[in-house]
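Taken in order, these protein sequences are the chains called A, B and C. To convert a position in the first sequence, counted from 1, into our numbering, add 64. To convert a position in the second sequence, counted from 1, into our numbering, add 1. To convert a position in the third sequence, counted from 1, into our numbering, add 11.
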Amino acid sequence: MYVAVKGGEAAIGNAHQLLAEDRRGNPDVPELSVAQIREQMSYGVDRVMTEGSVYDPDLAALALKQARGDQVEAIFLLRAYRTTLPRLAVTRPIDTAAMQVSRRISSCFKDMPGGQLLGPTFDYTHRLLDFALEAEGAVPQAEGKGSLSDSLPQVVDLLNAEGLIERELPDAEDAPVGDLTREPLMFPAGRDVRLQNLARADEGYLLALGYSTQRGYAKSHPFVGEIRSGAVAVEIDIPELGFAVDIGDITVTECQMINQFKGSKTEAPKFTRGYGLAFGFAERKAMAMSLVDRALRAEELGEDITAPAQDAEFVLYHADNVEASGFVQHLKLPHHVDFQAELTLVRTMRAEIATAQAESEAELAEAAQ
Amino acid sequence: MSVQQNYRTGATLAGYNFAFLDEQTKRMLRRAILKAVAIPGYQVPFGSREMPLPYGWGTGGMQVTAAVIGSKDVLKVIDQGADDTTNAVSIRRFFVRMTNVATTEKTRAATLIQTRHRVPEIPLSEGQILVYQVPIPEPLRWLEPRETETRKMHALSEYGVMHVKLYEDIAQHGHISTAYDYPVVVNGRYLMRCSPIPKFDTPKLNMNPALQLFGAGREKRIYAVPPYTEVKPLDFEDHPFEVERWPESCALCGAGDSFLDEVILDDKGSRMFVCSDTDYCGERREAGHTGRMSAPYKAEAAE
Amino acid sequence: MTMQMNAPQTPPAPGFDDPVQQSQQAFRALLDAMARPGRVVTVDTETGHPDGLAPALAAALLTLADLDTPIWLGPGFDTDAVKTWLRFHSGAPLAATPLEAAFVLLDGAQMPALEIFSLGSDEAPERGATLLVQVPALTGAAGMVWRGPGIKDSIAVPLCGLDATIWRRRAALTIEFPRGLDLYLGCGRDLLALPRSTMISFEGA
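Right, here's the structure in full:
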């Protein structure tokens, strides 16, 4: 009997075996270890952690290995694992002003209290393939590792003294914070939920949207107030002890983007902020996120909503690459029932048109005689 | 034996809870399902979780099934009407690994059926639950992409745009050009999308004795049609709702009343039509029914 | 589960022995009841419960209530025994006002006005509360006829020991649909459901 798209158990089993063999590649080439990926593909690991919403470099490296380097697939693996984890506690907000900074720059001021630190960046490298890396074994050593004080004021806060920038005051300690991993996205979405959505959002998508705001799709005049990367402490409150306990450090990249605001009838012109935060060294992501965050504040700031990046429903509903990848790729599942239904309809409609044409031609022929 | 019992009783995949989801997630889903049943056709938002299968591949249906399923259930999973399509196999395997429930390909033997794109041909009975995998739950989505707007339209029962759309179809094509995912009104109140089942299956939702649950994982909505509930396709007096028909009958079992898949046999346009519902087709062939291409089976069955 | 620093003097009554399987069984009974209004369903899983609370309703709370569902305890159930049991097994917070409650536990003999509970909104009707009402009986002479989704034609339902005014007030809420309240009436191990979609009539009963 003919069986359409019916492979069943055997076909799936074979596919999984082929996948495993292909993933390993040529067995004459040594296998990658998870530790090698974690140490030497760390930016890839950082992205998987950020969009996978789990800070665990080992798990992210494992996911990348299993996914053969496919970032979105690795992010999906990490997310699906995350779902099964119990929630043990909620941390206190991290204090990025107390960061142990490895990199800190601002484009607004030539110098600033605490100083700037270029840190490990691709920025001023000439993008020439380094064929020396083809040889293995060399261990580069950096001299002149700079360091800054581990308690640096946020550059944007320096503008506070003159009231030149909007103040962002923390919510009350017990104010509710949305969590998209437990509640569906609903509108209007608060900034807490928007930022969570953007932090989990696909980097390429944010990059394109952020870019569009610089090209006139939203009136954006951004300046990098500050970008800083480094280690911050994570603390949890232990009610029984009555104080917070440091449970370890994580590395994050934070971007505060400054945007001009023309002011309104009630408010004087000032600067406003867009905010970006990502795990690890993920500067492109944090910058793009801060541009989109600012664009999404259009309604709150009384600006006209004219551009895609300002449209919260559009931006937030399509930001998640696990959702997007799944739905785009589901098109390869069998759809022959729907297609058959369409086929039947189109045939019926074509037949009716053909009949109608034949009738009208016959009428014309009759009339001509 | 139509029901496959899995003998590793009690043992599900190490490290995972029964039916994969943690209990708090199940409670959240169960509350949403009960509200969905209480408000037929209304889409209840829920905190959809990432499942180990991709969004768009049945995660909503799987979450509903995971919230409902118990060790006494007998599970059937179909995709395009068939139990042995790859995604149906994959989802069934997932639930066997995670719950060890018995599975079946027999519609009549199942207590719980998860489906994509079809309603079984064999009528369902009281006590059965049919779980639909839904890609886009919002019936107005192609007409109004904004959730904030469609939510208002449902609140106000403002479904004029859908009537206009169908009317424009008729004006342009002489037909309502919706072949699947045909819009229906549930219990005279909510406009609902029946997931992309063919129009052929739409009437089966009406006054069905079984409970019908719909899960959209990526879109984070659950909705329901309780048993014996009116489900009415939108239509016009002069253009009443009609289902598609085939000039042919099933080449294997001869059925003239089932949804047929078209199978292309060669590059000269030869084709055959076979039942999309493999259980229905098999049951008919077992009972001795034959079609024009069921030669070997026919010979046996006829004598 | 939240750990209490100052444990109560009396230990809480037991709940489910096997929460995973038993809550699933109880949920299926609750789902079956909600899908078939007026039909009596037995919750046949063993359930611990505080004295005076019907096991069917105790099972409903153990199955559905948690940290995310504020509960309002009506007169008769506003006791330490019920509160301790509920907190221990579900962690559900007590609602500050009836309007905030997702679940409401009521004694049928001391029913407040139904309108004090959330009916949800037209845009979010699912926020209408679920009322768990303990009644003296689910059987007796038919007092009403119910129609609607889940009911084939119609079903005759007794007044279940509730005052007729309660039924009339519930019947009057029908015009609010999709806003509304969903009720479970429980007695012993049995319960029946009355979702907001059900139409109640008194004639012909």
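No residue lacks a Cβ here, since even glycine has one placed at the ideal position from N, Cα and C. Computed from a predicted model, the values in this text were never measured in an experiment.
CB contact below 8 Å: residue i versus chain B
i                : result
MET210 (chain C) : no
ASP133 (chain C) : yes
THR454 (chain A) : Since the displayed chain A opens at 65 and closes at 433, residue 454 (chain A) lies outside it and no answer follows.
SER34 (chain C)  : yes
GLU423 (chain A) : no
PHE251 (chain A) : yes
ARG200 (chain C) : no
VAL401 (chain A) : yes
PRO248 (chain A) : yes
ILE186 (chain C) : no
GLY133 (chain A) : no
ILE139 (chain A) : no
GLN104 (chain A) : no
GLY72 (chain A)  : yes
ASP28 (chain C)  : no
ARG3 (chain C)   : What the structure shows of chain C is the stretch from 12 to 216, and residue 3 (chain C) is not part of that stretch, so it cannot be assessed.
ARG207 (chain C) : yes
As assigned by DSSP and simplified to three states, the class of residue i
i                : result
LYS233 (chain B) : strand
PRO46 (chain B)  : strand
ALA371 (chain A) : coil
PHE188 (chain C) : coil
GLY199 (chain C) : coil
PHE19 (chain B)  : coil
PHE140 (chain A) : helix
MET294 (chain B) : coil
VAL65 (chain B)  : helix
TRP143 (chain B) : coil
PHE186 (chain A) : coil
PRO22 (chain C)  : coil
Cross-strand partners of residue i (DSSP beta bridge)
i                : result
ARG167 (chain A) : A:SER293
HIS240 (chain B) : B:PHE237
ARG272 (chain B) : B:ILE265
TYR43 (chain A)  : Nothing can be reported for residue 43 (chain A), as the shown portion of chain A is limited to 65 through 433.
THR74 (chain C)  : According to DSSP, THR74 (chain C) bridges with nothing at all.
GLN145 (chain C) : C:ASP118, C:GLY197
TRP157 (chain C) : C:ILE166, C:ILE211
VAL309 (chain A) : A:ILE300
ILE130 (chain B) : B:LEU113, B:LEU212
ARG222 (chain B) : B:PRO46, B:ALA217
PRO248 (chain B) : Its beta-bridge partners do not exist; DSSP assigns none.
MET166 (chain B) : The amino acid at residue 166 (chain B) is misidentified as Met; the sequence shows Lys. Partner(s): none; LYS166 (chain B) has no beta bridge.
TYR191 (chain B) : B:VAL187
LYS334 (chain A) : A:PHE325
VAL288 (chain A) : A:MET321
For residue j and residue i, believed in contact at Cβ under 8 Å, the rounded distance
i                : j                : result
VAL298 (chain A) : GLY312 (chain A) : 6 Å
SER101 (chain C) : LEU73 (chain C)  : 7 Å
LEU126 (chain A) : VAL98 (chain A)  : 5 Å
ARG264 (chain A) : ASP384 (chain A) : 6 Å
VAL51 (chain C)  : LEU203 (chain C) : 5 Å
ALA252 (chain B) : VAL232 (chain B) : Rounded, the Cβ-Cβ distance is 32 Å, inconsistent with contact.
Test: residue i CB closer than 8 Å to a CB of chain A
i                : result
ARG293 (chain B) : no
PRO55 (chain B)  : yes
GLY42 (chain B)  : no
LYS205 (chain B) : no
MET52 (chain B)  : yes
PHE242 (chain B) : no
Neighbour flag for residue i against chain C, beta carbons, 8 Å
i                : result
VAL36 (chain B)  : The residue asked about is misnamed: residue 36 (chain B) is Lys in this sequence, not Val. Output row for LYS36 (chain B): interface = yes.
GLU249 (chain B) : no
PHE95 (chain B)  : no
PRO227 (chain B) : yes
LEU125 (chain B) : no
Contact test: residue i Cβ vs the ligand ATP heavy atom, cutoff 7 Å
i                : result
MET294 (chain B) : Summarising the ligand content, the structure contains no ligands, and the ligand ATP is consequently not present.
Going along the segment 67 to 92 of chain B in order, which residues come within less than 8 Å of chain A, judged by CB to CB distance? ASP80, GLN81, GLY82, ALA83, ASP85, THR86, THR87, ASN88, VAL90, SER91
According to a CB-to-CB cut-off of less than 9 Å, which residues of the segment 387 to 399 of chain A neighbour chain B? GLU387, ALA388, SER389, GLY390, PHE391, VAL392, GLN393, HIS394, LEU395, LEU397, PRO398, HIS399
Taking beta-carbon pairs under 9 Å, can you tell me which members of the segment 167 to 197 of chain B lie near chain C? VAL187, ASN188, ARG190, TYR191
Short of 9 Å Cβ to Cβ, which residues in the segment 33 to 62 of chain C face chain B? SER34, GLN35, GLN36, PHE38, ARG39, LEU41, LEU42, ASP43, MET45, ALA46, ARG47, PRO48
With 7 Å as the limit, tell me which residues of the segment 154 to 167 of chain C have their beta carbon closer than that to any beta carbon of chain B; keep them in chain order. PRO160, GLY161, ILE162, LYS163
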